[in-house]
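Below you'll find the structure, written out as structure tokens, and then a few comments.
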Amino acid sequence: MHLAGSFYAEDLLAIGAPIFREVDWTAREFLNGYNNSLETELDPVQLFAEALENPEVGFPKLKAAYVFGPEDSGDFERFMWKYRLFSHLWGYGWEQGRQTAVAMIRQAVEHHKRQGLEYVEYRAGFWGEGANLREKMQICAETLAAECDEQFTARYIVALPRDDPWPMYQAVRQLLTERPHLSNILRGLDFASYEEGFPPKLFHSIFQQIQQDNAAQPDQQLTAVYHVGETFFDKSLESAVRWCHEASLLGAKRLGHCIALGLDPAIAVNRRPQAHEAELVSERLDQIAYDLGFASQLQKAGVTIDVSALQKEQQSLVNLAADNQVERPYTSQRFQDIRQRQTFVLNQLTQMGTVIECCPTSNLRIGGVPDAEHHPIHRLLASRVNLCICTDDPGTFDITLASEIEWVLRHTHYTLDSLAQRLGDPRRFQL
Ligand SMILES: [Zn+2]
């Protein structure tokens with residue numbers, strides 16, 4: 141789960157109570173962004189004041205302003221603004237120093253202990269530079285380490301910003317060099333948040349570097365996990381499926397979401413007018429290169445691949461500007477081919493041992509999955525791919541791991557026993 145997404149509405153109130161009047165709510169465009177995106181007129185000071193003075197009326201209002209519920213469905217941008225209602229406080233709290241930061245992290249971890257969780261991997265990225273950035277990661281790792289006991293194990297995954305992952309990656313390595321004991325807790329790297337515009341090919345060199353550094357420092361292993369196939373309205377469904385395959389080929393151990401591998405293409409294109417019909421010339425060229433490279437395997441998997449037509453199309457596109465758009469409407473044959481591609485990539489992931497982290501509620505509320513019946517989990521469960529059920533942002537969604545498992549039992553034909561058998565022990569996927 142994301143650490144900053146695991147605070148419930150009551151945590152928001154508890155953490156906000158002593159500071160909500162000091163916080164600059166207009167900083168980093170928070171208030172404008174929230175109000176424009178959610179078409180509302182939030183007054184955070186009034187909201188907190190009322191929740192404290194008159195909880196019966198005020199707390200439900202605070203909760204409604206924060207929790208990203210079923211009625212908010214389908215929009216990643218809107219989700220990010222509700223998420224930022226907490227992360228704005230989180231950022232302010234971190235600036236107050238170590239003590240406040242430690243107290244906030246403990247507040248989240250206490251929930252998970254009370255919920256009976258035994259093992260949690262927390263994803264969190266930080267801001268700042270140099271020693272300041274390293275100190276934040278150190279505080280996070282040390283606080284999580286201090287929470288570990290016989291009943292509870294915490295691990296820390298650093299989330300790298302996709303637009304410039306290198307400085308944060310180098311900061312993590314430097315931190316581990318300076319404080320090698322943190323490698324017990326700090327085990328992984330994540331690529332998360334906005335994925336549109338960041339094709340997996342951009343991360344070849346950093347994945348290579350991670351592998352080289354792991355080989356050079358065997359006692360400071362960092363394993364990469366990767367969010368992919370979650371939000372993909374910027375491209376064709378073939379490309380969305382391919383990105384999941386490419387993320388796995390990069391060497392990511394676990395892939396977050398992979399909705400693109402489990403959502404039926406006919407349902408996916410119905411989500412918006414002309415959804416997935418247009419994509420960049422560069423994206424189409426990447427798809428053609430992939431199809432030519434995997435031609436015989438794709439054909440064996442039942443996907444129609446016309447090599448000479450693809451080569452001709454490649455010739456026609458190669459001289460266009462890479463940021464031009466190509467439009468290709470869907471046919472029922474194309475839908476059928478995409479289903480075969482999904483199966484092909486699921487089989488590839490199965491062979492490579494790649495794990496998919498499926499987050500049922502997150503997919504329904506921010507992943508654009510229209511309803512339980514068409515949830516990607518059905519296809520994922522039916523395949524043999526390594527699969528685990530995760531919560532993503534349990535506080536922002538007001539859910540727990542137990543409620544996610546209940547959701548799966550309610551909406552699939554699995555029983556507790558058969559689900560446990562299908563999934564196996566998720567601890568085998570730990571970093
Ligand atoms: Zn996530």
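Note that the sequence shown covers residues 141 to 571 in our numbering. Where a beta carbon is used, it is the ideal one built from N, C-alpha and C, also for glycine.
query: Which residues neighbour ligand 1 when neighbourhood means a C-beta less than 6 Å away from any of its non-hydrogen atoms? List them by chain order.; result: His-142, Ala-332, His-367, Gly-396, Asp-532
query: For His-142, tell me which candidate among Gln-310, Ala-294, Pro-320 has the shortest Cα-Cα distance.; result: Ala-294
query: Near Ala-418, what residues of its chain come up, given a Cβ to Cβ distance below 6 Å and the 5 sequence neighbours on each side ignored?; result: Gln-465, Glu-467
query: Taking all protein chains shown into account, do 16 or more other C-beta atoms lie within 10 angstroms of the C-beta of Val-525, making it buried, or fewer, making it exposed?; result: buried
query: For Leu-395 and Glu-497, what's the separation of their Cα atoms in angstroms?; result: 6 Å
query: Taking its Cβ as the centre, do 16 or more other Cβ atoms sit within 10 Å of His-397, making it buried, or is it exposed?; result: buried
query: Per the contact definition of three or more C-beta pairs closer than 8 Å, is the segment 249-267 in contact with the segment 280-296?; result: yes
query: In the DSSP output, which residue or residues are listed as bridge partners for Thr-483?; result: Looking at the DSSP assignment, Thr-483 forms no beta bridge with any residue, so it has no partner.
query: Considering just the uninterrupted stretch of the beta strand (DSSP E) at Cys-530, what are its terminal residues?; result: First-last for Cys-530: undefined, no H or E at that position.
query: Hey, could you find the ends of the alpha helix (DSSP H) Ile-517 is sitting in?; result: 517-522
query: What is the DSSP secondary structure of Val-365, reduced to helix, strand or coil?; result: strand
query: What span of residues does the beta strand (DSSP E) with Val-260 cover, start to end?; result: 259-264
query: How many whole angstroms separate the CB atoms of Gln-427 and Ser-376, which I take to be in contact at a CB cut-off of 8 Å?; result: 7 Å
query: Can you name the residues that DSSP bridges to His-397?; result: Val-368
query: When the Cα of Glu-169 is compared with those of His-228, Arg-161, Leu-153, Asn-194, which residue comes out closest?; result: His-228
query: Output the distance between the C-alpha atoms of Leu-326 and Ala-271, rounded to the nearest integer angstrom.; result: 17 Å
query: Between the beta-carbon of Ile-346 and the beta-carbon of Pro-301, is there less than 8 Å?; result: no
query: In this structure, what does DSSP give as the bridge partners for Gln-465?; result: Leu-420
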